Amino acid sequence: MALLTTTASRAGSLRDLIPQHVQNCLDGKASKWYVMYVVRHPEKWNLETIMKGLFNWCFPPEF
């Protein structure tokens, strides 16, 4: 998550970070989630919803 925030800061603001570029920061379970959900409809996602989705996927309530 720190890498995502750093990348966003370098882009100028969190809004400027294009969701398609987030995948470059992911691997394993997180990358699988990204491909299953975000890649199909990138226009529906922003950095905040991606981070929340990743967290919920990697750390479900029953974790």
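Numbering (the working numbering), first residue to last: 1 to 63.
In this text, a Cβ means the ideal position worked out from N, Cα and C, and glycines have one as well.
Predicted model, so just to flag it, every value in this text is computed and none were measured.
For residue i, tell me which candidate among the options has the shortest Cα-Cα distance.
i: W57; options: V38, H21 and N24; result: V38
i: V22; options: E43, I50, H41 and P60; result: I50
i: K52; options: R40, W33, E43 and G28; result: W33
i: L26; options: E62, F55, H41 and P60; result: F55
Report the three-state DSSP secondary structure of residue i (helix, strand or coil).
i: N24; result: helix
i: F55; result: helix
Does the beta-carbon of residue i have 16 or more other beta-carbons within 10 angstroms, so that it is buried, or is it exposed?
i: V35; result: exposed
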